[in-house]
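Enquirer: Let me begin by handing over the structure; questions about it come next.
Residue numbers (our numbering): 1314 to 1795.
If you want it as structure tokens, here you go:
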């Protein structure tokens, strides 16, 4: 039966729930956007992140008590590994533009399996340095490939898939960290080795699950969109956004020469600082500058995990599409500013007042993370040409990697060293950069000329009347994005 434009099935395929509120988390995990492929990939992602939880909780202690590295050596080791991880995203994007995503992702899992196994047999700093560096490179490459897989599999419902993936990832991470707590309580060399082996095993299982999926393809709407843009270039080279965007696409030679996209990636680096504030800023500020009880530190991660799992789907629905995504950038800046104000004031409070303010800051930075996780990904996809999306997303993935390397030193060496004023300056700077990012993305996404040709005619059509042509809004916005 032919479906009409306004049918229930059509709305469902575009990610609009048939009833208010939509299905719950478990129901959507069983039937995610993308069907069977997406369901298997979400399971693989959860298994992978469970292994990551094992590694994150035990790696420093393993390097300290089993390999007997000094604190300085561990710092250099993990810092160099973080720098190596930066190269993983663009490398994965480059390869994914030439080769299928599925075998590349399996290769990343197997690479990490080999390198992590080598960690167990390497006993000195010089041998561990390249091994851990390649582990982190494979980790960042795998995350970029998972992002590209989701973009191709879920299509227009990628924001909903992103929400499900973050819920699955956080649940897996919590399982891994909880399991690691048992091993760390035992505290023997064999227990530490078992945790590392558990992480290695997660790569085997994840690779096996990815093997069961099919190679994701670009959605028909993306193919049609690109094809129409090319046809517009040949028929009407001087016409409106379709032809103009095609001429600009024709001049592009990848993301490294696209100054607008590079500007987006550069501004996206401070838009990821919530990660360092949660993992580094909050605990160290509590310990060094407030009288709040130290036992409060684990509560920050508990709050983060619970809120992400509970609210990610709701937030993603409110940030779907280009207009909502750019608004979410402003909301991110606002939340980060208020969070930094809380941190600045916590040092002057009493014990329990400081505890309450820090818990509020943990909630605010988690809400900011929820906004960033959806808007950054959505904008990275929308701002990239469909036919070059793999390479562009690889470059976009560098923002998070760079922040992971530069964020902790920035907080500890500059912001916290300056005291409360440092937090106020940081909050103001992030909020200001969020405004710049929002305006830059808006100009690129909704750049429309004064007049465009009406479909099938040689007449000029005012952009205000564009909606009456029947062109789907997301498709029109995608044409206007270039």
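Think of the CB as a built atom: it goes at the ideal place given N, C-alpha and C, for glycine as much as any other residue. Nothing here was measured: the structure is a model prediction, and the numbers come from that model.
1. Secondary structure at residue 1383, three-state DSSP: helix, strand or coil?
2. Pick from 1505, 1701 and 1739: whose alpha carbon is nearest that of residue 1461?
3. In chain order, what residues of the same chain have a beta carbon less than 7 Å from the beta carbon of residue 1396, not counting five sequence neighbours either side?
4. State buried or exposed for residue 1569, treating a residue as buried only when at least 16 other CB atoms are found within 10 Å of its CB.
5. Does the Cβ-Cβ distance between residue 1355 and residue 1481 come in under 8 Å?
6. Please report how far the alpha carbon of residue 1739 lies from the alpha carbon of residue 1583, in whole angstroms.
7. What is the DSSP secondary structure of residue 1399, reduced to helix, strand or coil?
8. So what's residue 1701 in DSSP terms, helix, strand or just coil?
9. Taking just the CA atoms, how far does residue 1662 sit from residue 1329?
10. So, residue 1527 versus residue 1450, is the Cβ gap smaller than 8 Å?
11. Express the C-alpha separation of residue 1386 and residue 1442 in angstroms, rounding to a whole number.
12. Alpha carbon to alpha carbon, what distance is there between residue 1695 and residue 1413?
13. Using the rule of at least 16 other Cβ atoms within 10 Å of the residue's Cβ for burial, across every protein chain shown, is residue 1479 buried or exposed?
14. What does a CB cutoff of less than 8 Å around residue 1711 pick up in its chain, not counting 5 residues either side in sequence?
15. For residue 1476, which residues from the same chain have a beta carbon less than 6 Å from its beta carbon, with the 5 sequence-adjacent residues on both sides left out?
16. So what does DSSP say about residue 1344, is it helix, strand or coil?
17. Hey, would you say residue 1512 sits closer than 8 Å to residue 1359, going by beta carbons?
18. With distance defined between alpha-carbon atoms, name the residue in 1458, 1448, 1610 and 1446 nearest to residue 1419.
19. Could you name the residues of the same chain whose beta carbon sits closer than 7 Å to that of residue 1715, not counting the 5 residues immediately before and after it, in chain order?
20. Got a sec, what are the start and stop residues for the alpha helix (DSSP H) residue 1462 sits in?
21. Tell me which residues share the same chain as residue 1376 and place their Cβ nearer than 6 Å to its Cβ, disregarding the 5 neighbours each side in the sequence.
22. Between the region 1425 to 1437 and the region 1505 to 1519, can you find at least three pairs of beta-carbon atoms closer than 8 Å?
23. Are the region 1670 to 1683 and the region 1642 to 1657 in contact at 8 Å, needing three or more beta carbon pairs?
24. Taking 8 Å as the cut-off, decide whether the C-beta atoms of residue 1688 and residue 1638 are in contact.
25. Here's the rule: buried if 16 or more other CB atoms are within 10 angstroms of the residue's CB, otherwise exposed. What is residue 1621?
26. Tell me the rounded alpha-carbon separation between residue 1664 and residue 1593.
27. Mapping the DSSP letters down to three states, classify residue 1413 as helix, strand or coil.
28. Start and end of the alpha helix (DSSP H) containing residue 1664?
29. Express the C-alpha separation of residue 1349 and residue 1722 in angstroms, rounding to a whole number.
30. Which value, in whole angstroms, describes the spacing of the CA atoms of residue 1490 and residue 1759?
31. Between the Cα of residue 1633 and the Cα atoms of 1425, 1693 and 1380, which residue gives the shortest distance?
32. If you draw a straight line from the alpha carbon of residue 1380 to that of residue 1437, how long is it in whole angstroms?
33. Using CA coordinates, which residue listed in 1691, 1640 and 1502 is at the minimum distance from residue 1467?
34. How would you label residue 1439, buried or exposed, when you count the other beta carbons within 10 angstroms and need 16 or more for buried?
35. Of all Cβ atoms in chain B, is any one closer than 8 Å to the Cβ of residue 1354?
Expert: Let me spell this out:
1. Counted from its first residue, the chain shown places residue 1383 at position 70. It is coil, neither helix nor strand.
2. Taking the first residue of the chain shown as position 1, residue 1461 is located at position 148. Out of 1505, 1701 and 1739, 1701 has the C-alpha closest to the C-alpha of residue 1461.
3. For this step, residue 1396 is matched to residue 83 along the chain shown. Excluding positions up to five away in sequence, the list reads 1718.
4. Within the chain shown, residue 1569 is the residue found at index 256, counting from 1. Exposed: under 16 other Cβ atoms inside 10 Å.
5. Locating residue 1355 in the chain shown gives position 42, where the first residue counts as 1. Locating residue 1481 in the chain shown gives position 168, where the first residue counts as 1. Against a cut-off of 8 Å, the Cβ pair of residue 1481 and residue 1355 comes out as a contact.
6. Here residue 1739 refers to the residue found at position 426 of the chain shown. Here residue 1583 refers to the residue found at position 270 of the chain shown. Cα to Cα, the separation comes out at about 10 Å.
7. Start at 1 with the first residue of the chain shown, and residue 1399 comes out as number 86. Helix.
8. Along the chain shown, one-based indexing puts residue 1701 at 388. The answer is helix: DSSP assigns residue 1701 an H, G or I state.
9. Here residue 1329 refers to the residue found at position 16 when the chain shown is read from its first residue. Here residue 1662 refers to the residue found at position 349 when the chain shown is read from its first residue. With a pLDDT of 38 at residue 1329, under the threshold of 50, the predicted position of this residue should be treated as unreliable, and no value is reported.
10. Position 214 of the chain shown, counting from 1, holds the residue named residue 1527. Position 137 of the chain shown, counting from 1, holds the residue named residue 1450. Contact flag unset, no.
11. Against the chain shown, residue 1442 aligns to sequence position 129. Against the chain shown, residue 1386 aligns to sequence position 73. Using only the alpha carbons, I get a separation of about 10 Å.
12. Mapped onto the chain shown, residue 1413 falls at position 100. Mapped onto the chain shown, residue 1695 falls at position 382. Going by the C-alpha atoms only, they are around 21 Å apart.
13. Within the chain shown, residue 1479 is the residue found at index 166, counting from 1. Burial call: buried.
14. The sequence position of residue 1711 within the chain shown is 398, counting from 1. Excluding residues within five positions, the ones whose Cβ falls inside 8 Å are 1399, 1402, 1403 and 1578.
15. What you label residue 1476 is simply residue 163 of the chain shown in a count that begins at 1. Closer than 6 Å at the Cβ level, and outside the excluded window around residue 1476, lie 1625, 1626 and 1629.
16. In the chain shown, residue 1344 corresponds to position 31, counting from 1. Coil at residue 1344, not helix or strand.
17. On the chain shown, residue 1512 is found 199 positions in, with the first residue counted as 1. On the chain shown, residue 1359 is found 46 positions in, with the first residue counted as 1. Going by C-beta atoms, residue 1512 is not nearer than 8 Å to residue 1359.
18. Here residue 1419 refers to the residue found at position 106 when the chain shown is read from its first residue. Taking only the C-alpha atoms, the option nearest residue 1419 is 1458.
19. By 1-based counting over the chain shown, the position of residue 1715 is 402. The answer, listed in chain order, is 1399 and 1582.
20. Taking the chain shown and counting its residues from 1, one reaches residue 1462 at position 149. Where residue 1462 is concerned, the enclosing alpha helix (DSSP H) stretches over 1438 to 1467.
21. Your numbering for residue 1376 matches position 63 in the chain shown. Result list for residue 1376: 1382 and 1387, in chain order.
22. yes
23. yes
24. Here residue 1688 refers to the residue found at position 375 of the chain shown. Here residue 1638 refers to the residue found at position 325 of the chain shown. It is a contact, given that the beta carbons lie within the stated cut-off.
25. Reading the chain shown from its first residue, position 308 is the one you call residue 1621. Buried is the call here.
26. Here residue 1664 corresponds to residue number 351 of the chain shown, with the count starting at 1. Here residue 1593 corresponds to residue number 280 of the chain shown, with the count starting at 1. The alpha-carbon atoms of residue 1664 and residue 1593 are separated by roughly 20 Å.
27. The sequence position of residue 1413 within the chain shown is 100, counting from 1. If DSSP states are grouped into helix, strand and coil, residue 1413 belongs with coil.
28. Working through the chain shown from its first residue, we reach residue 1664 at position 351. Segment 1664 to 1695, the alpha helix (DSSP H) holding residue 1664.
29. On the chain shown, residue 1722 is found 409 positions in, with the first residue counted as 1. On the chain shown, residue 1349 is found 36 positions in, with the first residue counted as 1. Answer to the nearest angstrom: the Cα atoms are 42 Å apart.
30. Indexing the chain shown from 1 puts residue 1490 at position 177. Indexing the chain shown from 1 puts residue 1759 at position 446. Taking the straight line from one Cα to the other gives about 43 Å.
31. Residue mapping note: residue 1633 aligns to position 320 of the chain shown, counting from 1. Residue 1693 is the option with its Cα nearest to residue 1633.
32. Translated into the one-based positions of the chain shown, residue 1380 becomes position 67. Translated into the one-based positions of the chain shown, residue 1437 becomes position 124. For residue 1380 and residue 1437, the distance between alpha carbons rounds to 7 Å.
33. Translated into positions along the chain shown, residue 1467 becomes position 154. Nearest C-alpha to residue 1467: 1691.
34. Taking the first residue of the chain shown as position 1, residue 1439 is located at position 126. Label assigned to residue 1439: exposed.
35. The displayed structure is made up of one protein chain only, and chain B is not part of it.
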